[in-house]
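The structure appears right after this line, and notes come after that.
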Amino acid sequence: IRPRPDPLPSLPKFLITIFFNYILFQFLFILPVDIVSERREVSESVLKKAFSATEEDFLSLVKKQWMNNPQIASVGTCCLAGVLHDGVLFVANAGDSRAVLGRVERGSKRASAVQLSNEHNVNIASVREELYALHPDDSQVVIMKHVSRSIGDVYLKRAEFQREPLLPKFRLTETFEKPILNSEPEVTVHKLQPEDHFVIFASDGLWEQLSNQEAVDIVHGIAKRLLKAALHEAAKKREMRYADLKKIDPGVRRHFHDDITLIIVFIDSHLVSKSPLPPYSIKGGVFPR
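Residues 1 to 289 in UniProt numbering are what the sequence shown lists, from first letter to last.
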């Protein structure tokens, strides 16, 4: 989960706690029946319900804090999640983060990149077409946000928040009938193979600097170089030295490069080749820079 600048610094922890609780409790038999599948398995439906439940919990928080902290209605985040269950990797994405698999074929020394998710960024033609189809009477809808899906951003999903005390810069000149953004993730399913070595989960800040293959090549060599390489590229584009970029306060540095959130999951190829596999593995973390 990668947040944009907002008036709620605890947003990442809040959303991660909610989301992973919904997924983890699936296996601990705690969630109500309407959230989980009857067979207690991970599925596309379960992940979408987890996103929806997270969105609803955040909406409840916005309603509670609306009068004292109205700008919370403008808070939003992209969300990229991966769940490994019975040797199958489920990737759910809402926003412009990306998951990329590093695969090393037998007899090869180089890892190849396989993209496991699609971004919901209005710079992509298919995303623009999707928005135009949903809002045929509003040709300007695609310029309101860089992304078409997110958790939060309720001021672009619920017209009831398009009023004071929300700051004028967040209020639209015309009301809307349909939500401009939505929180439903796009879910992809990948059956792990012995050749699959690792998966990179990262925000667009990384992918703006490195291609899928460049990132995979770096991780295959040594994981710690990945983030440093992205920052080196950002410094080069600004005609700065890496050391000088690192000295800039994180709050100011956002003007020099987009924030970068990165998680790398290494896959035990020996374990994948065995049968049966452990039933599930869930672990989450956030490493923003």
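Quick reminder that beta carbons are idealized off the backbone N, C-alpha and C, glycines included.
Nothing here was measured: the structure is a model prediction, and the numbers come from that model.
query                                                                                                       : result
Spatial distance of Gln209 from Arg238 (CA atoms)                                                           : 12 Å
Start-end ranges of the alpha helix (DSSP H) lying completely within the stretch 33–120, minimum 4 residues : 44–65
Rounded distance between the beta-carbons of Ser97 and Ser211, thought under 8 Å                            : Not really, about 16 Å apart at Cβ, beyond 8 Å.
Endpoints, beta strand (DSSP E) assigned at Leu192                                                          : Where Leu192 is concerned, there is no enclosing beta strand (DSSP E), given that its DSSP letter is neither H nor E.
Range of the contiguous beta strand (DSSP E) that encloses Leu262                                           : 262–266
Local conformation of Glu186 per DSSP, three classes                                                        : strand
Backbone CA spacing between Phe266 and Phe198 [nearest angstrom]                                            : 4 Å
Residue range of the alpha helix (DSSP H) that includes His220                                              : 212–221
Option in Lys247, Pro194, Ile264, Asp258 with minimal Cα separation from Arg225                             : Ile264
Local conformation of Val127 per DSSP, three classes                                                        : helix
Buried versus exposed call for Gly107 [16 or more other C-beta atoms within 10 Å across all chains shown]   : exposed
Neighbourhood of Arg241 by C-beta, 8 Å cutoff - its chain only, sequence neighbours within 5 removed        : Ala235
Ala243, enclosing alpha helix (DSSP H) - first and last residue                                             : 242–247
Distance CB(Ser126)-CB(Asn93) smaller than 8 Å                                                              : no
Sub-8 Å separation of Phe170 and Ser74 beta-carbons                                                         : yes
Simplified DSSP assignment, three categories, for Phe19                                                     : helix
Three-state secondary structure (DSSP) of Val199                                                            : strand
Whole-angstrom distance between Cys78 and Ile72, CA atom to CA atom                                         : 16 Å
For Arg253, three-class secondary structure by DSSP                                                         : helix
Option nearest Tyr132 by Cα separation, candidates Ile180, Val189, Gly205, Ala81                            : Ile180
Nearest neighbour of Asp137, chosen from Ile218, Glu186, Glu174 [CA to CA]                                  : Glu174
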